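**Q** Pasting a structure below so you can have a look.
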Amino acid sequence: MDINKTMQDAFNKQIEAEFWSSNLYLAMAFWFRKEGWNGFASWLFKQADEEKEHALDMADYLITRGGVPEMSAIPAVKNDWNDPKEVFEAVLKHEQHVTDLINKLADVADAEKDRASQNFIDKYIDEQVEEEKNVRDILLLFKQMPQHAVAHIDRKVGERE
Ligand SMILES: [Fe+2]
Ligand SMILES: [Fe+2]
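So, in structure tokens, the structure goes:
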């Protein structure tokens, strides 16, 4: 059975959100490159690619179900941050927001009794758990940073004869 209009509209909104995420992460990657943080930039370029893949995967699913993916104008993203930790805090906040969007997409599939879409969306529910965890792990490394500095002072002070 072809996908219905309500479900198609909900997917098209999510496709727009995935492209917006991709652009946000690209903007973050550019900012890191500009500031000379190439490792963080590389992580965010990969993250941006992944979001684009999500958009393409959803568009492909719509076509498979006899629907039509519609490209819309993508709203502008933020382009400036103060420091690396602030960027990753923004990534976590954004992924939490996306989790909310995916949950709402699943609610539409439930309301429409669209079993195929429920199945399809399930992998994105798992994906969001993984996404949030990955960013939280990075933020934990930032949290430990001052402790690395304290450990360094500890070793120095311990050198007293
Ligand atoms: Fe995504
Ligand atoms: Fe994501």
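Quick note, the sequence shown lines up with residues -14 to 146 if you use our numbering. Glycine residues also receive a C-beta, built at the ideal position from the N, C-alpha and C atoms. Predicted model only: the values in this text are computed from it and were never measured.
For ASN(-4) versus LYS37, is the C-beta spacing smaller than 8 Å?
**A** The question names Asn, yet the displayed sequence has Phe at residue -4. Not in contact: PHE(-4) and LYS37 (Cβ atoms no closer than 8 Å).
**Q** Determine the direct distance from the alpha carbon of PHE105 to that of LEU124, and round the result to whole angstroms.
**A** One C-alpha to the other measures close to 30 Å.
**Q** Got a sec: does ligand 1 put a non-hydrogen atom nearer than 7 Å to the Cβ of GLU1?
**A** Every heavy atom of ligand 1 is 7 Å or more from the Cβ of GLU1, so no.
**Q** Less than 7 Å separating the Cβ of HIS39 from some heavy atom of ligand 1?
**A** Flag set: Cβ of HIS39 near ligand 1.
**Q** Contact between the region 23 to 31 and the region 79 to 92 is defined here as three or more beta-carbon pairs at a separation below 8 Å; is this criterion met?
**A** No, because fewer than three Cβ pairs between the region 23 to 31 and the region 79 to 92 fall closer than 8 Å, the two stretches do not touch.
**Q** In whole angstroms, give me the CA-to-CA distance for PHE127 and ASP(-13).
**A** Approximately 48 Å, taken between the alpha carbons.
**Q** Just curious, the alpha helix (DSSP H) that MET13 is in, first and last residue?
**A** Element bounds for MET13: -10 to 20.
**Q** Closest by CA to ASN64, which one among TYR109, PHE17, ILE48?
**A** Closest option to ASN64, Cα to Cα, is PHE17.
**Q** Is it the case that the Cβ atoms of ALA14 and LEU29 are separated by a distance below 8 Å?
**A** Their beta carbons are under 8 Å apart, which means ALA14 touches LEU29 by this criterion.
**Q** Please return the same chain residues whose Cβ sits closer than 6 Å to the Cβ of LEU9, not counting the five positions on each side in sequence.
**A** Once the five neighbours on either side are set aside, the close Cβ partners of LEU9 are VAL62.
**Q** Closer than 7 Å to a non-hydrogen atom of ligand 2 - does that hold for the CB of SER6?
**A** At least one heavy atom of ligand 2 is nearer than 7 Å to the Cβ of SER6, so yes.
**Q** Rounding to the nearest angstrom, what Cα-Cα distance links MET56 and PRO131 in this structure?
**A** So the alpha carbons of these two residues sit roughly 45 Å apart.
**Q** Kindly examine ligand 2 and report whether one of its heavy atoms sits closer than 7 Å to the Cβ of GLU80.
**A** Answer for GLU80: yes, Cβ within range of ligand 2.
**Q** Counting along the chain, where does the alpha helix (DSSP H) carrying ASP99 start and finish?
**A** Counting along the chain, ASP99 falls outside any alpha helix (DSSP H), and DSSP gives it neither H nor E.
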